[in-house]
Every structure is written in C-alpha cells, then in structure tokens.
Ligand SMILES: [Zn+2]
C-alpha cells in the first residue's frame with residue numbers, strides 16, 4: 001500500500017551525542033539542545049544543582065519505550081531551549097568537579113548567556129560563580145560598560161556598582177554599547193550622573209593641593225619639583241645645574257615656590273583627561289609621557305630622578321582621585337524583578353520565559 005506523505009512533513013535532523021561526561025551509557029535522562037545535541041546526564045546532579053530540575057524530575061515521566069521525540073534508548077528526552085555550547089557550559093557547573101571541571105568564563109558572551117540560564121533554572125550556585133566571573137578585573141578592564149549593562153539587567157547590585165566604577169576609565173559617552181537594550185534610560189542616566197559627579201570630585205584634587213604638601217611635608221621633600229638649591233654668591237648654580245622653566249601659574253605654587261613647567265603641564269593635561277575619565281588609572285597611564293618629555297629636554301638633574309619621583313607622585317595623585325570618587329554613590333533603584341517561572345508540563349518541555357535576555 002502506498003503511503004501518503006504529508007505536504008507539511010518536515011525532515012527532522014538527526015541528533016548527535018554530546019562529548020564526555022555527557023555521553024554516559026548509564027545516564028538516566030537526555031537533555032536535547034536546540035541544535036539537536038543529546039546530553040546523556042544523571043538527574044541527581046541536576047536536581048541537586050537546581051530546585052527547578054528537582055521539581056521537574058518529580059513529575060510523571062513519559063513511558064520509556066522505543067525512540068520518539070520524548071524518549072530515546074529508553075530514556076526520557078527533554079528538549080531544551082539552549083544551544084549545545086551553553087548547555088555544555090552550564091551542565092559542567094552542575095556536575096561534581098571530579099567528573100567535570102567548571103568551565104572558564106572569560107568572555108562576556110558566555111557570561112551573559114550563563115547568567116540567563118542560571119536565573120532561568122534557579123541555579124543559585126552557578127549564578128554566584130558567574131557573578132564572580134563578571135566581577136573579575138580582566139573582564140571589567142576590557143569591557144566595563146558591557147559588564148555594567150549585563151549586571152544591571154540581571155539585577156546584580158554589587159556587580160553593577162563595581163562595573164560602574166570601572167567605566168570611569170572610559171569617556172562619559174560611549175562610542176558603542178551592544179547591550180544598550182539591556183538597560184533602561186534611567187539606568188543609563190544614573191551611570192552618566194555618577195560619571196559626572198566623579199569628574200567633579202576628581203577635579204577637587206587640583207583645586208586644593210594640600211594632599212601634596214601634607215605628603216611631602218616641606219619644600220626640601222619636594223626638591224625634585226622645586227629645586228630649592230641656592231645659587232652661590234657669584235650667582236653660580238649648584239652642580240649639575242637645572243635650567244628647566246618654572247611655572248608662573250600661582251595655583252600650582254607649593255610653599256609659595258614655583259614648580260617646574262613640565263610638571264604643571266603634566267597636571268593640566270592629566271586633569272583635562274580626568275574630566276572625561278575620572279579614574280586613578282588614567283593618572284598613572286599619563287606619567288610615562290612626561291618622563292620621556294623631561295628626558296628629551298636633556299636636563300641631567302631632572303632626568304636623573306624624574307622616573308622614580310613621577311611614578312611615586314602619580315601613584316599619590318591616583319590614590320587621591322580614587323579616594324575622592326569613592327565617596328560618590330551610583331544612584332540606581334534596587335528593585336528586583338522576580339518573574340515566576342512557567343513550566344510546560346504536558347510534553348516535558350521547559351517553556352519558561354527568559355525574563356532577562358530575550359532568548360527564544
Ligand atoms: Zn631640570
């Protein structure tokens with residue numbers, strides 16, 4: 001008898017099997033990724049990691065016979081919305097470390113995806129672990145603004161505040177933010193206001209140089225900047241002589257003495273940068289240029305100690321700037337959007353809306 005094929009029938013692509021340890025012959029359930037990779041896993045590990053999985057496994061399972069969309073090799077199959085890469089990463093977090101090492105999370109795409117999954121399946125331990133990755137200096141230094149958007153979107157308050165602080169190293173108005181849709185206009189306004197207040201706070205270190213005079217105690221402590229050595233009675237300068245120009249700007253005078261112009265230029269250029277990037281790291285990053293300039297001028301006296309003295313000074317200034325901005329608070333509302341998960345019980349498929357990341 002000739003079989004009629006439905007005009008609506010589609011060819012279902014075959015499934016591949018995940019790599020070890022998710023290919024275990026004695027596994028008791030199969031999680032099928034959106035790109036049709038079957039992960040043979042043990043329910044116990046998932047139930048221990050996630051209350052949502054625990055609840056799901058307590059529900060009646062489909063009859064374990066034959067191979068259908070719901071069963072395979074006699075095991076129930078759960079179709080997941082995540083692709084195999086994400087599924088592999090979060091299952092490794094669920095498994096004991098003796099069986100699967102925690103995957104490294106060193107890029108924002110993985111971190112973003114795993115935070116979403118962790119929240120979706122109430123994987124609290126994993127969420128904490130991913131938060132640590134989001135707060136790692138390596139990730140924050142590379143992409144502070146994206147970290148801010150991801151942390152804020154996931155309502156991770158501490159991580160949001162830390163990321164906001166790292167954004168101070170970058171200009172106030174970002175050139176590009178792929179995650180712009182993850183935050184609200186209020187969040188962005190809060191960040192811009194924070195940035196602006198930090199700029200004002202950083203500028204206070206220029207308006208008042210008491211922190212400097214307190215640190216160096218007296219003019220001789222600042223000899224590298226003021227050169228208080230006196231000319232002798234014939235007007236001969238001490239050896240080796242320093243003929244570097246002095247600044248005539250009164251606001252830079254220390255103990256009523258005029259410092260070298262190369263230093264006031266450093267201060268003016270650095271504080272100009274701090275207006276847009278109020279971070280101590282900017283101060284440190286600028287110092288090398290000044291050291292090189294002094295050496296290029298060829299003053300033997302200043303060149304001899306400019307590196308040591310300016311590095312010490314820039315650290316002092318950087319600490320002052322960071323201290324000034326540390327008192328500024330990021331004014332974000334600390335609400336928590338808790339959306340109740342919805343489970344599709346009939347076909348054993350998880351149909352929980354992803355509240356944060358808009359994945360399909
Ligand atoms: Zn000099």
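Numbering (UniProt numbering), first residue to last: 1 to 360.
We treat Cβ as the ideally placed atom computed from N, Cα and C, and that holds for glycine.
The DSSP assignment places complete alpha helix (DSSP H) segments of no fewer than 4 residues inside the segment 270-347 at 280-297 and 300-326, in order along the chain.
Taking the Cα of residue 146 as reference, the smallest distance to any Cα among 178, 122 and 170 is reached at 178. Close to ligand 1, as judged by a C-beta nearer than 6 Å to any of its heavy atoms, are the residues 242, 244, 299, 301 and 302, in chain order. Burial of residue 40 is indicated by the presence of at least 16 other C-beta atoms within 10 angstroms of its C-beta.
For residue 76, the enclosing beta strand (DSSP E) has its first and last residue at 75-79.
Collapsing the DSSP output to three states places residue 17 in a strand. Every unbroken stretch of the alpha helix (DSSP H) spanning 4 or more residues and falling wholly within the segment 169-211 is given here in chain order: 185-207. According to DSSP, residue 72 shares a beta bridge with 75. Leaving aside the five residues that flank residue 277 on each side, the residues in its chain whose CB is nearer than 7 Å to its CB run, in chain order, 168, 169, 170 and 171. Between residue 102 and residue 22, the CB-CB gap reaches or exceeds 9 Å. Relative to residue 140, the option among 164, 121 and 153 whose CA is nearest is 164.
If you draw a 10 Å sphere on the C-beta of residue 73, you find fewer than 16 other C-beta atoms in it, and that means exposed. Inclusion of residue 194 and residue 254 in the CB contact set at 9 Å is not warranted, their separation being larger than that value. Cα atoms of residue 15 and residue 90: separation of roughly 20 Å, rounded to the nearest angstrom. For residue 39, the enclosing beta strand (DSSP E) covers residues 37-41. Residue nearest to residue 124 within the set 84, 53 and 137 is 53 (criterion: CA-CA distance).
At the C-beta level, residue 202 and residue 284 stay beyond 9 Å of one another.
Pairwise C-beta distances place the segment 183-191 out of contact with the segment 287-295, as fewer than three of them are shorter than 8 Å.
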